[in-house]
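One structure is given here, and the rest of the page talks about it.
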Amino acid sequence: NTVLFDIALFIGFVFSKKSYDQFINNKNLAIENRENALKILRAQFSPHFLFNNLNTIDALIDDQPGVAKKYVSHLASLYRYLTETVNQGVMLLEKELSFIRDYLFLIKVRYGEDYLFDIRVEQPTDSRFLPSGPLQTDLENVVKHNAIDGRQIMTTLLVAEETVTISNSKGGQGEASASGTGLKNLATRYELLGAPSLEIENLPHQYTLRLPLLRALPE
151 NTVLFDIALF IGFVFSKKSY DQFINNKNLA IENRENALKI LRAQFSPHFL FNNLNTIDAL
211 IDDQPGVAKK YVSHLASLYR YLTETVNQGV MLLEKELSFI RDYLFLIKVR YGEDYLFDIR
271 VEQPTDSRFL PSGPLQTDLE NVVKHNAIDG RQIMTTLLVA EETVTISNSK GGQGEASASG
331 TGLKNLATRY ELLGAPSLEI ENLPHQYTLR LPLLRALPE
């Protein structure tokens with residue numbers, strides 16, 4: 151009986167070790183798949199954005215060379231940030247806000263007073279994180295999906311303790327604001343990070359997106 155017990159114990163140990171090794175392998179594979187998925191989603195930055203900015207620079211060089219120089223500087227800063235963070239799924243909120251300020255300078259030059267943006271930071275931004283790129287994704291959608299119909303499109307970006315809320319009035323194509331590849335990718339990235347889901351409120355004249363803030367980097 152003792153021999154049989156020892157044999158059974160040994161067999162149980164072998165199978166337990168194999169199960170543990172398989173668990174570790176599956177966990178590592180899941181982490182690798184999550185990181186790869188995040189990189190793919192992060193890299194989906196519209197090539198039309200670059201083409202539009204090159205056309206803007208071309209138009210500015212002759213008439214407003216000083217503005218053209220500033221425009222190139224902000225565009226270079228923006229792409230430097232994108233290059234440095236393309237493999238990072240999560241970034242500090244403060245760095246994302248800095249990135250957004252470069253982006254909004256480009257929008258201001260291209261569209262003048264048609265689109266107005268107000269950034270309000272009510273809470274400290276240190277130790278707060280976001281999936282990299284969501285602010286730009288939604289602000290790009292504000293311009294992309296809201297045709298000017300004789301009134302300004304007003305957008306507010308509010309940083310609170312647990313969320314960043316982006317709200318904008320709607321133009322001629324406001325209903326399109328709630329759809330699109332960019333927001334679907336963003337929702338998927340939140341899911342892959344195991345973070346709370348983003349919230350969308352699509353009213354007739356107002357569109358609101360709430361992005362949960364992360365208090366720590368995901369494991």
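Here my numbering = 1-based position in the sequence shown + 150. Even glycine gets a Cβ: it sits at the ideal position worked out from N, Cα and C.
Presumed contact (8 Å Cβ cut-off) between residue 360 and residue 278, rounded CB distance: About 14 Å separates the beta carbons of residue 360 and residue 278, which is beyond the 8 Å limit, so they are not a contact pair.
Buried or exposed by the 16-neighbour rule on C-beta atoms within 10 Å, applied to residue 353: Exposed.
Whether residue 262 touches residue 297 by CB criterion (7 Å): Result no, Cβ atoms of residue 262 and residue 297 do not sit closer than 7 Å.
Length of the line joining the Cα atoms of residue 338 and residue 213: When rounded, the distance between both Cα atoms is 43 Å.
Any 3 or more C-beta pairs closer than 8 Å across the stretch 290-305 and the stretch 244-251: The stretch 290-305 makes no contact with the stretch 244-251, as fewer than three CB pairs between them are under 8 Å.
Residue closest to residue 225, alpha-carbon to alpha-carbon, out of 285, 306, 259, 343: Nearest C-alpha to residue 225 among 285, 306, 259, 343: 259.
Element boundaries [beta strand (DSSP E), containing residue 306]: Run containing residue 306: 303-309, per the beta strand (DSSP E) assignment.
Complete runs of the beta strand (DSSP E) confined to the stretch 231-317 [at least 3 residues]: Complete beta strand (DSSP E) runs here, min 3: 240-242, 265-271, 279-281, 303-309.
Where residue 347 falls: helix, strand or coil (DSSP): The DSSP-derived three-state label of residue 347 is coil.
7 Å Cβ shell around residue 257 - same chain, five flanking residues per side excluded: The answer, listed in chain order, is 265, 293.
Where residue 267 falls, given that 16 or more other Cβ within 10 Å makes a residue buried: Taking every protein chain shown into account, the CB of residue 267 has 16 or more other CB atoms within 10 angstroms, so this residue is buried.
Where residue 365 sits in the DSSP three-state scheme: Looking at residue 365 - three-state DSSP - the assignment turns out to be coil, as it is neither helix nor strand.
Neighbourhood of residue 254 by C-beta, 6 Å cutoff - its chain only, sequence neighbours within 5 removed: The answer, listed in chain order, is 267.
Simplified DSSP assignment, three categories, for residue 225: DSSP places residue 225 in the helix class (H, G or I) of the three-state scheme.
Proximity of residue 340 and residue 348 at Cβ, strictly below 7 Å: Yes; because the gap between Cβ atoms is below 7 Å, this pair is in contact.
Cβ separation of residue 317 and residue 356, assumed to be a contact under 8 Å, to the nearest whole Å: Going by Cβ atoms, the distance from residue 317 to residue 356 rounds to 6 Å, so yes, they are a contact pair.
When 283, 314, 306, 291 are compared against residue 237, the one with the closest alpha-carbon: In this structure, 283 is the residue among 283, 314, 306, 291 with its C-alpha nearest to the C-alpha of residue 237.
Nearest candidate by alpha-carbon position, reference residue 231, set 275, 362, 358, 252: Comparing Cα-Cα distances from residue 231 to each of 275, 362, 358, 252, the minimum goes to 252.
Proximity below 7 Å, CB of residue 243 to CB of residue 270: For the 7 Å CB-CB criterion, residue 243 and residue 270 do not form a contact.
Buried versus exposed, by CB contacts within 10 Å (16 or more), residue 336: Counting every other CB atom within 10 Å of its CB across the protein chains shown gives residue 336 a total of 16 or more, marking it as buried.
Beta-carbon proximity list for residue 362, same chain, < 8 Å, skipping 5 on both sides: Taken in chain order, the residues that qualify are 312, 313, 340, 345, 346, 347, 348.
Buried versus exposed call for residue 202 [16 or more other C-beta atoms within 10 Å across all chains shown]: So residue 202 counts as exposed.
From 310, 306, 319, residue whose alpha carbon lies closest to that of residue 276: When 310, 306, 319 are compared, the shortest CA-CA separation from residue 276 is found for 310.
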